[in-house]
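Engineer:
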Amino acid sequence: MPRTARVAGLAVAALLVPLLAACGSDDKSDGDRKDGRGGGSAGPASSSKLTVLAAASLTDVFKTVKTAYEDAHPGVELTFSFAGSQELAAQVRQGAPADAIVTADTKTMDGLRAETGTPSVIAKNRLVIATREGNPDEVKTLKDLADPKLKVVLAAEEVPVGRYSRQVLDAQRVDVKPVSEEPNVRAVLSKVELGEADAGIVYKTDADTKPDKVDAIAIPDGQNAVAQYPAAVLKESGDSPSAQAFVEWLSSPPAQQILRDAGFQKP
0 MPRTARVAGL AVAALLVPLL AACGSDDKSD GDRKDGRGGG SAGPASSSKL
50 TVLAAASLTD VFKTVKTAYE DAHPGVELTF SFAGSQELAA QVRQGAPADA
100 IVTADTKTMD GLRAETGTPS VIAKNRLVIA TREGNPDEVK TLKDLADPKL
150 KVVLAAEEVP VGRYSRQVLD AQRVDVKPVS EEPNVRAVLS KVELGEADAG
200 IVYKTDADTK PDKVDAIAIP DGQNAVAQYP AAVLKESGDS PSAQAFVEWL
250 SSPPAQQILR DAGFQKP
């Protein structure tokens, strides 16, 4: 090969070396950007939006839960959808997009075994008789609810609190003919609060949210029912690890203290 050609070839090669090195460096940087460690797979998301289906009786306390959890877990945003547990179960079966569910009874959760992970009970609750402010009808016991002059409202039988209400009434042989059957406990409380009913059976924690609107008449433990609140991750969650972390947090000391402060009992 003529000397001139060899010199030209070497010059071109010299120019290509830094270009090839630069390309190699760019490839590595791309890998670093994918997972932050130089690997080729994407790491966990830095933020997460979780939708949690929750029993209506958790409406107030879960506002505090949301604030506490998001403060302790930057980047996580919680959205709650509240309804009667039977409505929540129907939503899950219909494929509503959600990540976790908390019901007010184990029966409803048991019916969702094919759609959830293993549930854990996070709290318990008790029933009380809610009356109009000042208890003008002087309701003192479950037996007083059988008075035909009294307008009593109950939750529908398929609703956990409605089922619990009938259990305690049947056990005391009290025959109550409700003027209406509501889709969740908050609807029962609202009827009494607005004066559309004289009395109703609700959870203690629900009556506690309206201390200036309704009176809460205690039901003795021997005549009462215990409501259990199980929580579980939904198998169709778009972010199962984050959903599982939230469900586990509900059993942690900070979360349990929030629930105790709201009147819920230890699981």
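Read the sequence shown against numbering that gives the first Met the number 0 and you will find it ends at 266, with the numbers running on by one and no gaps. Each residue gets a CB set at the ideal place from its N, CA and C atoms; glycine is no exception. Keep in mind the model is a prediction, meaning the values are calculated, not measured.
For the beta strand (DSSP E) that V201 lies in, which residues bound it at each end?
Structural biologist: Here residue 201 corresponds to residue number 202 of the sequence shown, with the count starting at 1. Looking at the DSSP string, the run of the beta strand (DSSP E) that includes V201 is A198 to Y202.
Engineer: The ligand COA and T105: does any heavy atom of the ligand fall closer than 7 Å to the residue's C-beta?
Structural biologist: Because no ligand of any kind appears in the structure shown, any question about the ligand COA cannot be addressed here.
Engineer: T50 lies in the alpha helix (DSSP H); which residues open and close that run?
Structural biologist: Numbered from 1 along the sequence shown, position 51 holds the residue referred to as residue 50. Element bounds for T50: not the alpha helix (DSSP H) but the beta strand (DSSP E), S47 to A54.
Engineer: Counting only runs of 4+ residues fully inside the stretch 62–145, write out the alpha helix (DSSP H) ranges in chain order.
Structural biologist: 84–92 and 105–109
Engineer: Can you have a look at L87 and say buried or exposed, based on whether 16 or more other CB atoms are within 10 angstroms of its CB?
Structural biologist: Your numbering for residue 87 matches position 88 in the sequence shown. By the neighbour-count rule (16 or more Cβ atoms within 10 Å), L87 is buried.
Engineer: For I100 versus A231, is the C-beta distance shorter than 8 Å?
Structural biologist: Residue mapping note: residue 100 aligns to position 101 of the sequence shown, counting from 1. Residue mapping note: residue 231 aligns to position 232 of the sequence shown, counting from 1. Yes.
Engineer: Taking the alpha-carbon positions, what's the T117 to A71 distance?
Structural biologist: In the sequence shown, the residue the question calls residue 117 occupies position 118. In the sequence shown, the residue the question calls residue 71 occupies position 72. Between the C-alpha atoms of T117 and A71 there is a straight-line separation of about 24 Å.
Engineer: Looking at C-alpha atoms only, which residue of L188, Q166, L144 and S84 is the closest neighbour of D104?
Structural biologist: As a working note, residue 104 is residue 105 in the sequence shown. The residue with the shortest Cα to Cα distance from D104 is S84.
Engineer: Examine the Cβ distances between the stretch 160–169 and the stretch 227–241 and report whether three or more of them are shorter than 8 Å.
Structural biologist: no
Engineer: Between Y68 and F245, which are expected to be in contact by the criterion C-beta below 8 Å, what is the C-beta distance as a whole number of angstroms?
Structural biologist: In the sequence shown, counting from the first residue as 1, residue 68 sits at position 69. In the sequence shown, counting from the first residue as 1, residue 245 sits at position 246. With 8 Å as the limit, Y68 and F245 qualify as a contact, their Cβ atoms being about 7 Å apart.
Engineer: For K265, does the count of other Cβ atoms within 10 angstroms reach 16, so buried, or fall short, so exposed?
Structural biologist: Position 266 of the sequence shown, counted from the first residue, corresponds to residue 265. Counting Cβ neighbours within 10 Å, K265 comes out exposed, since fewer than 16 surround it.
Engineer: Can you tell me whether DSSP reads L168 as helix, strand or coil?
Structural biologist: As a first step, residue 168 is located in the sequence shown; it is residue number 169 there, counting from the start. The answer is helix: DSSP assigns L168 an H, G or I state.
Engineer: DSSP beta-bridge partners for A154?
Structural biologist: Residue mapping note: residue 154 aligns to position 155 of the sequence shown, counting from 1. In the DSSP output, where bridge partners are listed per residue, A154 has E181.
Engineer: Taking the beta strand (DSSP E) that Q227 belongs to, which residues open and close that run?
Structural biologist: Residue mapping note: residue 227 aligns to position 228 of the sequence shown, counting from 1. Q227 -> beta strand (DSSP E) spans V225 to V232.
Engineer: When you compare each of A170, D59 and E157 to E181 by their alpha carbons, which one comes out closest?
Structural biologist: Working through the sequence shown from its first residue, we reach residue 181 at position 182. The residue with the shortest Cα to Cα distance from E181 is E157.
Engineer: Does the stretch 234–251 come into contact with the stretch 144–155, if we say contact requires no fewer than three beta-carbon pairs (one atom in each stretch) closer than 8 Å?
Structural biologist: no
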